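As given, the protein sequences belong to chains A and B, one line each in that order.
To convert, note that position 498 of the first sequence is 504 in the working numbering; the numbers rise steadily by one, no gaps.
To convert, note that position 172 of the second sequence is 178 in the working numbering; the numbers rise steadily by one, no gaps.
All residues carry an ideal CB built from backbone N, CA and C; glycine is no exception.
Computed from a predicted model, the values in this text were never measured in an experiment.
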Amino acid sequence: MRAVLPFLLVLAAALVLPHVTNDYWVLIATRAAIYWVLVSGLNLVVGFAGQLAIGWVALLTLGAYTTSVLVAGTVTPAVPPLLALGAAGGVGAVFGVVVGLPALRLRTFYFAMTTLGFATIVTQVALAWQSVTGGGIGVAGPVLPAPFDTSYGFYLFCLGLAALCTWMTANAAHSRFGRSLVAIRDAEVAAESIGIAKAGLLVTVFLFSGALAAIAGGLFATLQSYITPDAFTFDLSVLFFIAILIGGRGSVLGPLLATIILTVLPEFAAPLVAWSTFLYAALLLVIVLAVPGGIAALLDLGRRRPLESNRAIVPRPELLPGILDHGRAPSPILLRGVVLSFGGVRAIDGLDLTIDPGQVHGLIGPNGSGKTTTLNVICGFNAPEVGGVTLDGAPLLAGAPQTRAARGIARTFQTPRLIGEASVLDNVMVGGTIAGQGSFVESLLRLPRHHRDEAKAREAALLALRCVGLEMLAPVRADRLQHSELRFLEIARALMLRPRFLLLDEPAAGLSAEEIRRLGGLVTAIARCGTGVLLVEHHADLIFDICDQVTVLNLGRELAAGTPAEIRAHKEVVSAYLGA
Amino acid sequence: MLAAILASGLAVGAVYALIGVTYNVMFSASRVMSFTSGQLGMLGGVLGAMFIARLGLPSLLGLAATLACCAAVGVLTEIVAVRPVLKSLEQHLYVLSTLALALMIQQVTAIEWSTEPQPFPRLFGIGDGGPTDEKFWLPLLACAVVVVGLELLYRRTLVGRAFLAIAEDNFAARALGLPERNLRMASYALAGVIGGLAGFASGQLLLAFFANGSMLNFYGFVPVALGGMGNNRGAIASGLALGVFQQAANFLVGGVFASVAVFTVFIVVLLVAPQGLMGSPSVRRV
């Protein structure tokens, strides 16, 4: 309820507004509502997925012209306005994907540039394609049918749509889709390991966002009553983009407030109108340099309570069977004859390795001996030149890390890769993304399957947190945790996959002696539930305490393999690695 | 017609190439792609027209003043928009901070200078608008000067070698005791000079117009993307090719479709070869 209250207050203020002010302010409020229809969709692209789409005005332009031209009937038979608005949404969805597609392959700055280039071109085409767009002279905007043909009626229409968009994007934000988008933004490598399909998810979001932007364009044309290419300056794009950043990434309320503020701001100081873009840009610079989290971060700071300073992580391994109830995995992971080099260096040089279910398998060796690279080969981040990895007799696809989650392989990272701005609970819930069954549309509209998915994921995440001993911190933002807690948090996230195999990359690094002991207990218990654990570690004590099997690597080759007792007595291992 | 296409194509291509080099010089020093690169080109034209046509300075003095101002803008970029976000490079905040600064520069120019394209003064008075007119060969001359100048700087001077060292391995260069911050500021000043020179030399071709900034931002970035980040030779070759391609398309199918064609080629090439045609593959992620 507390989360919904600010939205209701904004809505109430918007409903009261026409009765206490004049037509001019209704016009401004209408404009803010239309902008928000676009920004709410763009927010999923920029604020959640972190894709720097700076030229989204192109889709507003596209929607405005599509609606106007369809309604005017110059090219096609005249189409009723509301139908034209829907058609514009369809066109916008398609072009949203066209504009967004490069994001799947290109790095940040490249993507920003392609959207910028697209924005430039759409305006040029509108200017040159005179037979359809009227060129520089422009076309008349559509007029909606009664009762939406008065300024008050139109305002209510836009407001209703804006409210609907708020509701839908907030639903998406608090679903597995919203969490996955943020994971792609802040922890892309981890997102792949969890099994999040980046391409499919981004295309969905671009479809949705493009449709909303084009519908906003149609409404914009109605509001302007006459459109020319001049109406769609890049300044508008800047306004949309900056509203999201000022509002704060990963928030819905923040960008909503920022959109209202940025729309209204120039009205209070008429001389500022010429300088408004300068003002927006200056604001952007200040935000980026001083408050990268935007309004949302400020609101969050105000709500913070101090954390207990001498808290301890107390795992409860006895709860593990509640998650890892799949029994013993039937077959091992097999690496056969794996060779991989970086440039001239052979990181792995003909390695055979068998990771048995239900056992803790230690992988040790000096720095640069190929431990993490071996882990990356299993997880699909590095493709071996020779040899391969199989599980259940079927090969694990090389170079496709997003396929590992479905095969029951989970991992943690040498440097914890978590979403700092999300809560501990959300960080764990994102680990269960592939278990969800509802579609994006079901989440947008809060249909029953969405609720079922959410309830299941939440329950499983809380159980995983109890297992690793972090349940007290569930609502806290992950960037406030201590380093050791992040390590246990990664394990909790990995447990969400109910993994048949769990690969841990130096989980004890940076932990205190007591924490290492508890970690050891937890890892052993995970293996006793039937999960195969591969443990890459430097702490020899931990390795010898909990491992059933140990493989020692040196220069990418197996130097020795056997039980801890055998390894401890192995002459070469002692001289090369352990020391006397 | 072929002569006209080649003359104007190579001329605008030289400008794109120089803006590409501007991007590259900044990138080499800091691993940052800056949206102010195109604005520097725009400022070269606007400031040149202001100093020479409006304030009546002699051409040479006007050029010197323009380059000095652009160098200052380069340094300003480093201090305001780059240095504060260098610590968190992986968050790509520089995209936003340099975009903000670029928009501010553009908006101030629009308000204080003019929102209409203004003529740029004739410098030598050579040519009559045909393919041998100075407006066509000045950008090429500037491009040649920059290529030779950079080559001499990087190969013959200690400062140039230090630039290369920083570009190659920032940490190692600092460990050797190189004054990394000063060298970075010097690089940004150098980038400012190159961008300003591009704008000054192409003033008669592109006019002194505030909106050239975002245009050059895009068309100057295309050669960088095609040639590979930080690769100056790639940028020059791709820039000239881009100019000729664009002008040819311009003559053959008309202005709008020329820009659509450039955009399409840009996207297609990037999707096929995200590292650019001459770039190197990306580093490992885990």
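Cβ-Cβ distance between residue i and residue j below 8 Å
| i | j | result |
| --- | --- | --- |
| A/L369 | A/T380 | yes |
| A/D362 | A/G538 | yes |
| B/A106 | B/Q45 | no |
| A/L58 | A/G98 | no |
| A/A109 | A/G61 | no |
| A/G386 | A/T409 | yes |
| B/F142 | B/S14 | yes |
| A/P321 | A/V474 | yes |
| A/D511 | A/T418 | yes |
| B/V213 | B/P123 | The amino acid at residue 213 of chain B is misidentified as Val; the sequence shows Leu. Yes. Within cutoff. |
| A/L453 | A/G442 | no |
| B/L82 | A/L112 | no |
| B/S34 | B/F177 | no |
| A/N28 | A/L450 | no |
| A/V366 | A/I552 | yes |
| B/I200 | B/T42 | no |
| A/L584 | A/I384 | no |
Range covered by the alpha helix (DSSP H) that runs through residue i
| i | result |
| --- | --- |
| B/R89 | Counting along the chain, B/R89 falls outside any alpha helix (DSSP H), and DSSP gives it neither H nor E. |
| A/L2 | For chain A, the structure presents residues 7 to 586; residue 2 of chain A sits outside this window and is missing. |
| A/I319 | Careful: A/I319 lies outside any alpha helix (DSSP H) and carries neither H nor E. |
| B/G240 | N238 to V259 |
| A/G308 | G300 to R309 |
| B/I111 | L99 to E118 |
| A/V77 | V63 to A78 |
| A/L403 | First-last for A/L403: undefined, no H or E at that position. |
| A/W42 | D29 to N49 |
| B/M191 | E186 to A207 |
| B/N223 | N218 to G233 |
| A/F183 | R182 to D192 |
Residue closest to residue i, alpha-carbon to alpha-carbon, out of the options
| i | options | result |
| --- | --- | --- |
| A/G123 | B/E84, B/V266 and B/V38 | B/V266 |
| B/V114 | A/W281, A/P277, A/L501 and A/F117 | A/W281 |
| A/N49 | A/P454, A/F246 and A/V22 | A/F246 |
| A/L88 | A/F160, A/V103, A/V131 and A/A193 | A/F160 |
| A/G438 | A/L340, A/I200 and A/G260 | A/I200 |
| A/V149 | A/P298, A/S157 and A/I143 | A/S157 |
| A/G223 | A/A38, A/V436 and A/I319 | A/A38 |
| B/A231 | A/A461, A/A467 and A/M119 | A/M119 |
| A/D358 | A/G364, A/Q365, A/V366 and A/L346 | A/L346 |
| B/L248 | B/A207, B/G233 and B/V262 | B/G233 |
| A/I532 | A/H545, A/R504 and A/R523 | A/R504 |
| A/I248 | A/P277, A/E198 and A/G299 | A/G299 |
| A/A35 | A/L251, A/T360 and A/F226 | A/F226 |
| A/K377 | A/V85, A/G144, A/L541 and A/A169 | A/L541 |
| A/G516 | A/L508, A/V529, A/S490 and A/L495 | A/S490 |
| B/I25 | B/F227, B/P280, B/G260 and B/F263 | B/F227 |
| A/T239 | A/L313, A/R534, A/G536 and A/L133 | A/L133 |
| A/I339 | A/R413, A/G206, A/T530 and A/G568 | A/R413 |
| A/L561 | A/F348, A/A470 and A/G405 | A/F348 |
| B/A241 | B/A23, B/F216, B/S94 and B/F215 | B/A23 |
| A/A203 | A/I497, A/A411 and A/A582 | A/A411 |
Residue i - containing beta strand (DSSP E), residue span
| i | result |
| --- | --- |
| A/D358 | V351 to I361 |
| A/F348 | I339 to F348 |
| A/H25 | From DSSP, A/H25 is part of no beta strand (DSSP E) but of the alpha helix (DSSP H) over L11 to V26. |
| A/T396 | V392 to L397 |
| A/I370 | V366 to I370 |
Assumed close pair residue i, residue j - CB separation to whole angstroms, cut-off 8 Å
| i | j | result |
| --- | --- | --- |
| A/R506 | A/H332 | 7 Å |
| A/S215 | A/G102 | 6 Å |
| A/S243 | A/G147 | Actually they are not in contact, since the Cβ atoms of A/S243 and A/G147 sit about 20 Å apart, beyond 8 Å. |
| A/A484 | A/L424 | 5 Å |
| A/V579 | A/A189 | Not really, about 39 Å apart at Cβ, beyond 8 Å. |
| A/L259 | A/F54 | With a Cβ gap of about 14 Å, A/L259 and A/F54 do not count as contacting. |
Distance cut-off 7 Å: residue i Cβ against heavy atoms of the ligand FAD
| i | result |
| --- | --- |
| A/V22 | The ligand FAD is absent from the structure shown, which contains no ligands of any kind. |
What beta strand (DSSP E) runs, 3 residues minimum, are completely inside the region 509 to 577 of chain A? As far as the region 509 to 577 of chain A is concerned, its whole beta strand (DSSP E) runs of at least 3 residues are 538 to 542, 555 to 560 and 563 to 568.
Considering only residues of the region 131 to 156 of chain A, which uninterrupted alpha helix (DSSP H) runs meet the minimum length of 4 residues and lie entirely inside it, listed in chain order? The qualifying runs are 136 to 139.
Any chance you could list the beta strand (DSSP E) runs of at least 3 consecutive residues sitting entirely within the region 415 to 499 of chain A, in chain order? DSSP runs (the beta strand (DSSP E)) wholly in the region 415 to 499 of chain A: 415 to 417.
List in chain order: all unbroken alpha helix (DSSP H) runs of 4+ residues lying wholly within the region 17 to 68 of chain B. If we require 4 residues or more, the alpha helix (DSSP H) runs fully inside the region 17 to 68 of chain B come out as 42 to 55.
Which runs of the beta strand (DSSP E) spanning at least 3 residues fall entirely within the region 121 to 161 of chain B, listed in chain order? None, since the region 121 to 161 of chain B contains no complete beta strand (DSSP E) of that length.
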